[in-house]
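Worksheet: one structure, shown below.
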Ligand SMILES: Nc1nc2c(ncn2[C@@H]2O[C@H](COP(=O)(O)OP(=O)(O)OP(=O)(O)O)[C@@H](O)[C@H]2O)c(=O)[nH]1
Ligand SMILES: [Mg+2]
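In my numbering, the protein residues as written are 30 to 341.
This is how it looks when you write it as structure tokens:
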């Protein structure tokens, strides 16, 4: 699937504290995302990092979005439903598509109702087939797995021996499961992750796929007790973000509710735009400087020729 020039775009989701940011740091082999004490929720919005991974021979550029809130119980989020919707918008501010969606779980924690709810949340937000087509399970706390694993069985074998809801999830992902020990940075993690991603046959997950499941998002909020009346669902086509096409996502089907975009998302989108404009300006400046130099060189040569002509 990949060659030397390729860029891999990844989105991480999962319950807070499961180790998303730590996984990002392991992938990039450096501390690029802020991590938190276990059981302490992060206050960061969606974060993004881009870098080259895997050395020169088989390296690729990885663009990784660390999504918060997607997977957490909406009732646990300080901003409630708005916080979740804001995260979804921020995700699309960073990237136009994703080759894989990494669902981050924690080894050693039983697959309880909360984990099942997280799976349901991700499916409702991104579509029923999101795991089947783009899902990769990343299981953190691999250090604990190594301690428990007296029989030295492989992580895939361990996954295949599991039962119940976790087994169903693994089957949905076609056993694209990777173990991460975020206490030890090593290229092996990326090697296994990349091989899991290369098993994905579907074209990248795009905003088109996302827009297609706006009904499932609305239904999710209705089912968990958020009616449209008591909490209007804002949409990306709000006039507060004029012409910002990369964020033109459809969070619901209704246009009457397109009125509210929180400041955080606005700020994130503006930052994305500002950095793009900054790069554009730098290029424009360099081009202008080169043209000026060429013009001066041309003038200088002509002037020398004129001087030569008049002197004789
Ligand atoms: N022992 C061990 N600890 C880990 C591992 N991965 C993450 N942790 C710890 O788990 C805690 C939470 O990790 P984070 O990466 O901040 O979790 P997160 O999913 O980004 O959390 P939010 O940003 O709140 O959503 C931190 O204290 C990490 O050090 C791992 O593989 N092994
Ligand atoms: Mg985090």
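For glycine and all other residues, C-beta sits at the position ideal for the given N, C-alpha and C.
Residue 96 and residue 322 have their C-alpha atoms some 46 angstroms from each other.
Here residue 134 carries a strand assignment [DSSP, helix/strand/coil]. Cβ contact annotation for residue 171 (same chain, cutoff 7 angstroms, sequence separation greater than five): 136, 208, 209, 210, in chain order.
Residue 191 has its alpha-carbon roughly 54 angstroms from the corresponding atom of residue 311. Fewer than three Cβ pairs drawn from the segment 107-116 and the segment 216-223 lie within less than 8 angstroms of each other, which leaves the two stretches out of contact.
With a threshold of 8 angstroms, the Cβ atom of residue 144 does not count as near ligand 1, since no heavy atom of the ligand is closer than that. Relative to ligand 2, the beta carbon of residue 209 is positioned no closer than 8 angstroms to any heavy atom. For the pair residue 156 and residue 149, the Cα-to-Cα distance works out to about 10 angstroms. Between the segment 161-177 and the segment 227-238 there are three or more C-beta pairs closer than 8 angstroms, enough to call the two in contact. Bounds of the alpha helix (DSSP H) holding residue 146 are 142-155. Taken through DSSP and simplified to helix, strand or coil, residue 102 comes out as coil. Assignment of beta-bridge partners to residue 129 by DSSP yields 39. Residue 50 and residue 88 have their C-alpha atoms some 21 angstroms from each other.
Around the beta carbon of residue 328, fewer than 16 other beta carbons lie within 10 angstroms, which makes this residue exposed.
Here residue 152 has 159, 160, 245 as same chain residues with Cβ atoms under 8 angstroms from its own Cβ, once five neighbours each way along the sequence are excluded. The C-beta distance from residue 214 to residue 58 rounds to 5 angstroms, short enough to meet the 8 angstroms contact threshold. Put simply, of 193, 45, 184 the residue whose alpha carbon is nearest the alpha carbon of residue 75 is 45.
Note on residue 110: 16 or more other CB atoms within 10 angstroms of its CB, so buried under the neighbour-count rule.
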